[in-house]
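These notes are about the structure you will find just below.
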Amino acid sequence: MIYLQKMLPKTFIRHISQFAGVRDAAKYVPRRALLYVPASNQKMLDKIPMMQADSVVIELEDGVALTAKAEARAQATVALDKIPYHSLACQELGLRVNSVSSGLLEDDIKAVSKAEKLPHAFMVPKVDSPEDLVTIYNIFREHYGDERITNTNTRLVIWIESARALLDMPRILSSTLNLHKQAGFFKLDAVVFGSDDFCADIGATRSSHGTETLFARQKFVTCCKAFQLQAIDSVYIDIKDLDGLRRQSAEGRQWGFTGKQVIHPSQVSVVQEQFLPPKERIEWAQELVHAYSEHESLGKGAFQFRGQMIDRPLLLQALNIIQLVERVQN
Amino acid sequence: MIYLQKMLPKTFIRHISQFAGVRDAAKYVPRRALLYVPASNQKMLDKIPMMQADSVVIELEDGVALTAKAEARAQATVALDKIPYHSLACQELGLRVNSVSSGLLEDDIKAVSKAEKLPHAFMVPKVDSPEDLVTIYNIFREHYGDERITNTNTRLVIWIESARALLDMPRILSSTLNLHKQAGFFKLDAVVFGSDDFCADIGATRSSHGTETLFARQKFVTCCKAFQLQAIDSVYIDIKDLDGLRRQSAEGRQWGFTGKQVIHPSQVSVVQEQFLPPKERIEWAQELVHAYSEHESLGKGAFQFRGQMIDRPLLLQALNIIQLVERVQN
Amino acid sequence: MIYLQKMLPKTFIRHISQFAGVRDAAKYVPRRALLYVPASNQKMLDKIPMMQADSVVIELEDGVALTAKAEARAQATVALDKIPYHSLACQELGLRVNSVSSGLLEDDIKAVSKAEKLPHAFMVPKVDSPEDLVTIYNIFREHYGDERITNTNTRLVIWIESARALLDMPRILSSTLNLHKQAGFFKLDAVVFGSDDFCADIGATRSSHGTETLFARQKFVTCCKAFQLQAIDSVYIDIKDLDGLRRQSAEGRQWGFTGKQVIHPSQVSVVQEQFLPPKERIEWAQELVHAYSEHESLGKGAFQFRGQMIDRPLLLQALNIIQLVERVQN
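Protein chains in written order, with the UniProt record's numbering: chain V, 1 to 330; chain P, 1 to 330; chain U, 1 to 330.
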């Protein structure tokens, strides 16, 4: 909140932090590029501190062969304690465990809970139903114990990767947010669209233009934004085709996605550039927040900016844009 | 119903008006072009009688600055009583109030309920949940009193403008229709897609081709039509680009929209032309209604026309087309 | 299951048939091309044994004029008993009755239940709600009697053709599957998108590129696949334009559809060719099933193939592909 503290009066900051949505903005993590690092690969784990992706994800799921799961868990556990959290090039260090349906999740959590440190975010793939989340919260509670995880800043990121999950997404998201309120830990912050598994599930074939997932991706964004959550777009598989990656990133941002999964470090900078808001949007955000601050100091009610009524979601959007720019440019 | 009374036997008219859906067709209001007139602009209010848009909307919401709301309410109240309802060029005079979440709605209704006359339609933006509608109906009842509004022909038009509202649209529309049945006033007749606020809500950027709202617009049309309501399409922002407006209007009509919002009088005729059904469709409607009338006189059961089973929604569509053509060409 | 019995150990076959989804794979019916034969046309009924479409549908609904319904029912009843089921060129002989809302369904079933034989599949158009299905199951039970239909292999195929049905599709499909479990007969196996009636219902105009039904068709596929049902795509109306048919078939298969309705025998081979999975997909399926069989014999838990966790839906997909290829090439 450096920018805000510099330019806005303290009473405004205090006032604004009464809003649930805006208070969370204080912990805002940009996730333009989300990069996977297989926990079975010690060499790559060692490079994590230098990785430039906004969110670096230590991966125990699809990126790790079944025969390597045990070793990957052990290496991830060591990495969690060894990583220099205060000198990371990334904004967030996540840990992706296996799905509920794989039967591997409990062993994952049993192993990594032996580390003293928690990742910035737990990441759970293939969430298919609200019931899956109950299982996930119970496993976390059992192996970590309430005391270790309550009131930490550790977030939750989940993957939607099946037809059933997409159809039931509003119920899945609202249940997850409710479970967080009851449990007091791991607030859902972002949702990721797993397009490969989704296409396999519906029997679709992926194309370069991606029309086959238009409904899925746009419904996905709508659901995420209805609950004020970040929406992370599909992987672009062809790592040599940076133009295609740039085009698909731009399309994703234009549709409302806030970031994109990347599978190779060479994709990071292209994606990060495309998911930086355009200059006019940054100016809009700065002027809106400034105007809102002035408006508040006069004690007026409803607030209008550039001909539009400004409500909390829009104010939160503006704050997120400002913080995104600050975080990634400093 | 001039056309029908001319060409159809009276028994058919009587029979047909037993169907709820078809009875309403008698009050059918075409809304191909829906034009906003800010109530803060007295000059424009004075021009309303000559405006050619099908639906002219006296606007208290986004088109009116916060500082001008009080004056706008006063001018709208006077206009409601002063306007010569029997010599309007338009088919409908609507009044758009502020949203529930703005906190301004009750003051709007308190003011305009002092006019003796009611508008043809009340128009409520940013409806986000079935609960919003309960609030709206309660405010109307409180300030108008049941007697003044029960059994009037005044309709309700609402705006869907957020991710949450789009996801919950079937429940919002069925609740609204149920509330009307209980309250006995202001039947929901049309729904408008507020694309700018929707895009702001999901963080999308609007483009000229509009792919970013394909899911939203097509889901919107499907929901409207599932409840036999008119579906009014997005604003086309670039008022100088009439070709783009024509293209987007044609696309909207092809997708099932029945009309479009316009923000400038110069857009009206382009939109109206595009939302007139094509000649073959008009002939289809006339022949279908004629065949249905003959079929009814023979007392047969199921009815088939040009190889298709004709049910009530299709019969209603045909009646609406005939009435649209009559209303806008006479 | 010829292929499987040849290449897989018996213990695996036994093991695999414990899974509900996979057990059904044993009765898998490919429905790449689904061809209508009006039951009012005796000449065409006589040609059914030679018809090459995967699924041949004796049609009592839209393809039959109201005045010809009685004759069509009589002819369909005779055909059901006369057709040489063991020497058909097609994979399935279906019977499409009229919809619940037409009021003609009960007379249809009353007539055809006099045939000794049941069709391979009953096909019911214009299903609009879970309540429609209750009516359908009750009519079947009343006229056939529980004993005749329980534990037969006769399947159910339904049509989704309205805005309301599309919105409510998850509830319609889950209700239908539940009704089958309670009733013990006519398991839902495939769902067909009726694009013409759907477009009429929402007031859309059909185009050659088909953008107006993108949301509907992609939501339709997602719903079908969420319940592991076949998804049958729209009719391509212009029977002279085989290139357009090829293009739309390829698009459908790429989006996840498993087959397409055809209205003329000349369309069959084009559609069948497009809905045959590509060579790489067939190899994927064969190798996956083989790897799974080996994996099972070692008694391991979770199973990974080509870097992806394999769950039951994917295993079922692979089995379906293998069986499709066997059925249509032998």
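Think of the CB as a built atom: it goes at the ideal place given N, C-alpha and C, for glycine as much as any other residue.
Note that the coordinates shown come from a computational prediction; the quantities given were computed from them, not determined experimentally.
{"Query": "Just curious, the beta strand (DSSP E) that V:V325 is in, first and last residue?", "Result": "First-last for V:V325: R312 to Q329, but that is the alpha helix (DSSP H), not the beta strand (DSSP E)."}
{"Query": "Say whether chain P places a C-beta atom closer than 8 Å to the C-beta of V:D81.", "Result": "no"}
{"Query": "What are the uninterrupted segments assigned as alpha helix (DSSP H) that are 4 or more residues long and contained completely in the segment 46-118 of chain U, given in chain order?", "Result": "69-82 and 105-112"}
{"Query": "Assuming P:T154 and P:A121 form a contact by the criterion Cβ under 8 Å, report the distance between their Cβ atoms to the nearest whole angstrom.", "Result": "6 Å"}
{"Query": "Taking Cβ positions only, does U:D238 come closer than 8 Å to chain P?", "Result": "no"}
{"Query": "Strictly under 8 Å for the Cβ-Cβ distance: is residue 332 of chain U near chain P by that measure?", "Result": "Residue 332 of chain U lies beyond the stretch modelled for chain U, which goes from 1 to 330, so this question has no answer here."}
{"Query": "I want to verify the contact list: residues of chain P whose CB lies under 8 Å from the CB of U:A216, in sequence order.", "Result": "Q218 and T222"}
{"Query": "Pick from V:E71, V:G145 and V:S162: whose alpha carbon is nearest that of V:I202?", "Result": "V:S162"}
{"Query": "Cα separation between V:V325 and V:P277?", "Result": "8 Å"}
{"Query": "According to DSSP, simplified to helix, strand and coil, what is U:G184?", "Result": "coil"}
{"Query": "Following a CB-centred definition, is V:S101 positioned closer than 7 Å to any heavy atom of the ligand MN?", "Result": "The ligand content of the structure shown is nil, which means the ligand MN is not present either."}
{"Query": "Please return the same chain residues whose Cβ sits closer than 6 Å to the Cβ of P:Y236, not counting the five positions on each side in sequence.", "Result": "L245 and Q248"}
{"Query": "Quick check on P:A163 - is its C-beta less than 8 Å from some C-beta in chain V?", "Result": "yes"}
{"Query": "If we call anything under 8 Å between Cβ atoms a contact, is V:D233 one with V:F257?", "Result": "yes"}
{"Query": "Using CA coordinates, which residue listed in P:A216, P:M309 and P:S195 is at the minimum distance from P:V262?", "Result": "P:S195"}
{"Query": "CA-CA distance, V:H180 and U:Q267?", "Result": "55 Å"}
{"Query": "Measure from the C-beta of V:T77 to each C-beta in chain U and report whether the shortest distance is under 8 Å.", "Result": "no"}
{"Query": "Would you list the one or two residues that DSSP bridges to V:A216?", "Result": "Partner(s): none; V:A216 has no beta bridge."}
{"Query": "Look at the Cβ atom of V:Q218, then the Cβ atom of P:F220, and state whether they are nearer than 8 Å.", "Result": "no"}
{"Query": "Write down every uninterrupted run of the alpha helix (DSSP H) in the segment 207-295 of chain P whose length is 4 residues or greater and which is fully enclosed by it, in chain order.", "Result": "214-226, 242-255 and 268-274"}
{"Query": "Do U:Q317 and V:E212 have their C-beta atoms closer together than 8 Å?", "Result": "no"}
{"Query": "Shortest alpha-carbon distance to U:L88 belongs to which of U:L104, U:K47 and U:R31?", "Result": "U:K47"}
{"Query": "Buried or exposed: which applies to U:L315, given that a residue is buried once 16 or more other Cβ atoms fall within 10 Å of its Cβ?", "Result": "buried"}
{"Query": "Who are the neighbours of U:W255 on chain V, taking C-beta pairs under 7 Å?", "Result": "A204 and E212"}
{"Query": "Who are the Cβ neighbours of P:Q230 in its own chain at under 8 Å, not counting the five residues just before and after it?", "Result": "R31, D189, A190, V191, C224, T258 and G259"}
{"Query": "Taking a cut of 9 Å between CB atoms, which residues from the segment 89-108 of chain U lie near chain P?", "Result": "N98, S99, S101, S102, G103 and L104"}
{"Query": "Just reading off the alpha helix (DSSP H) that P:A165 is part of, what are its end residues?", "Result": "A163 to L167"}
{"Query": "Using only the alpha-carbon positions, how far apart do V:E294 and V:Q304 sit?", "Result": "12 Å"}
{"Query": "Using the beta-carbon count (16 or more within 10 Å), is V:P84 buried or exposed?", "Result": "exposed"}
{"Query": "Counting only beta-carbon separations shorter than 8 Å, does V:A226 have a partner in chain P?", "Result": "yes"}
{"Query": "Show which residues of chain P have a CB atom less than 7 Å away from the CB atom of U:D62.", "Result": "G307, Q308 and M309"}
{"Query": "Out of curiosity, what's the CA-to-CA distance linking U:P119 and U:E59?", "Result": "12 Å"}
{"Query": "Would P:G252 be called buried (16 or more neighbouring beta carbons within 10 Å of its own) or exposed?", "Result": "buried"}
{"Query": "At a Cβ threshold of 8 Å, is V:S207 touching chain U?", "Result": "yes"}
{"Query": "Quick one: residues in its chain with C-beta nearer than 6 Å to the C-beta of V:V29, no 5 flanking neighbours on either side, listed in chain order?", "Result": "Q91 and E92"}
{"Query": "Leaving aside the five residues before and after U:E116 along the sequence, list all residues of the same chain whose C-beta is less than 6 Å from its C-beta, in chain order.", "Result": "D81"}
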